[in-house]
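Below is one structure, written out as C-alpha cells, with a few remarks after it.
Structure representation (C-alpha cells):
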C-alpha cells in the first residue's frame with residue numbers, strides 16, 4: 001500500500017488544506033479516512049453537525065491505492081504548500097494548527113507523504129458507498145443558503161432570549177438539535193422524470209437542514225451573500241482551497257443510496273445515514 005501520493009495539480013493541495021483546516025479548528029484531535037483508487041483521493045471527516053464531510057482530489061497518473069485513517073492535523077502539515085493563504089479556510093497557529101498552510105506554487109505534481117495510521121475514530125468504520133448513488137433533486141443554491149441563514153438567525157434569537165443562567169451547554173445543544181433537524185422540502189420532479197425511489201433508494205420528503213448547515217460551514221456553498229467572500233477565499237474573492245467560485249451559481253444535488261443521503265456541491269459533499277423510517281438519523285460518532 002502506497003504511503004506517498006502525487007496530486008494532479010498544486011491547486012488540489014490548497015483545496016485539501018482548506019478542508020483539513022476546518023476539521024482541525026473544530027477538533028484538534030480530528031482524524032480523516034483516506035481512500036485512493038482510480039486516480040482519485042477521497043477524504044472523509046467527521047463534523048460537529050452530526051454528518052460526514054467528504055472532499056476529493058485528483059491524483060497524478062499512476063498513483064497507487066490507499067485506504068487508511070490518519071490525523072487531520074498531521075496530514076495538514078504534510079501537504080506540499082508554500083506560502084500562507086488568506087481566508088478562513090486556512091488554519092493558523094493561534095487556532096492550534098501551527099504550520100505552513102498556504103497556496104501551492106509549484107507547477108509540477110506535488111507529492112504528499114501520508115502520515116502514520118491512527119485508531120480510535122469509530123465513525124471511520126462505516127462510510128457511505130462508493131457507487132449506487134441516485135439523483136433525488138437539484139437544489140437552487142440561493143434558496144439553500146437562505147434556509148441555512150434562517151436557521152442561524154433562529155438559533156441566535158432563541159439563545160439570546162434565554163436568561164443568563166439558562167444558557168447551559170445542554171440547552172444550547174437541544175436548541176441546535178431541534179433547528180438543524182428540521183426538514184428542507186424537496187421540490188417535486190418534473191413530469192416524466194425518473195422516479196427517485198427506484199433501485200431501493202427511498203424518495204425523501206426532504207432532507208435535514210444539518211446537511212446544508214454543515215456544507216455552509218465547510219465553505220462548500222460559497223459566499224452567503226453578494227460581495228461576501230466564501231470561507232476559504234482570499235481577500236480578492238479568488239478561491240483559496242477550492243471553496244469559492246465566480247460566474248453562475250453551480251448546482252447542488254441531493255443523492256441517495258440505500259440509507260444514505262448526500263448533498264453534493266462542486267467542492268465537496270456532506271453525508272448522513274437515515275434511520276429505517278422517515279428522516280431519523282443514525283448517530284455519527
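Numbering (UniProt numbering), first residue to last: 1 to 285.
The beta carbon of each residue, even a glycine, is placed where N, CA and C say it ideally should be.
Where residue i falls, given that 16 or more other Cβ within 10 Å makes a residue buried
| i | result |
| --- | --- |
| residue 142 | exposed |
| residue 90 | Caution is warranted here: a pLDDT of 38 is assigned to residue 90, below 50, making its placement in the model unreliable, and no coordinate value can be reported. |
| residue 239 | Bear in mind that the predicted position of residue 239 carries a pLDDT of just 32, short of 50, making it too unreliable to give a figure here. |
| residue 275 | exposed |
| residue 176 | buried |
| residue 21 | buried |
Residue i: first and last residue of the uninterrupted alpha helix (DSSP H) it sits in
| i | result |
| --- | --- |
| residue 155 | 141-160 |
| residue 206 | Residue 206 -> not in any alpha helix (DSSP H); beta strand (DSSP E) instead, spanning 206-208. |
| residue 121 | It is not in any alpha helix (DSSP H) - residue 121 carries neither H nor E in the DSSP assignment. |
| residue 70 | Unbroken run through residue 70 is the beta strand (DSSP E), 66-71; no alpha helix (DSSP H). |
| residue 25 | 10-26 |
DSSP-derived helix/strand/coil call for residue i
| i | result |
| --- | --- |
| residue 166 | helix |
| residue 109 | coil |
| residue 245 | With a pLDDT of 42 at residue 245, under the threshold of 50, the modelled position of that residue is not reliable, and the figure given next carries that caveat. Coil at residue 245, not helix or strand. |
| residue 135 | strand |
| residue 268 | strand |
| residue 224 | In this prediction, residue 224 has a pLDDT of 49, which is less than 50 and means its spatial position is unreliable; what the coordinates show is noted afterwards. If DSSP states are grouped into helix, strand and coil, residue 224 belongs with coil. |
| residue 45 | strand |
| residue 62 | coil |
| residue 217 | helix |
| residue 262 | strand |
| residue 55 | strand |
| residue 175 | helix |
| residue 7 | strand |
Cβ pair residue i, residue j closer than 8 Å
| i | j | result |
| --- | --- | --- |
| residue 7 | residue 110 | yes |
| residue 32 | residue 128 | no |
| residue 118 | residue 54 | no |
| residue 112 | residue 72 | no |
| residue 66 | residue 5 | yes |
| residue 221 | residue 139 | no |
| residue 213 | residue 49 | yes |
Element boundaries [beta strand (DSSP E), containing residue i]
| i | result |
| --- | --- |
| residue 182 | Looking at the DSSP string, residue 182 is not in any beta strand (DSSP E), and its letter there is neither H nor E. |
* To do: Taking 8 Å as the threshold, find out whether the region 29-44 comes into contact with the region 56-66 through three or more Cβ pairs.
  => yes
* Asked: Taking contact to mean at least 3 C-beta pairs separated by less than 8 Å, is the region 177-187 in contact with the region 14-27?
  -> no
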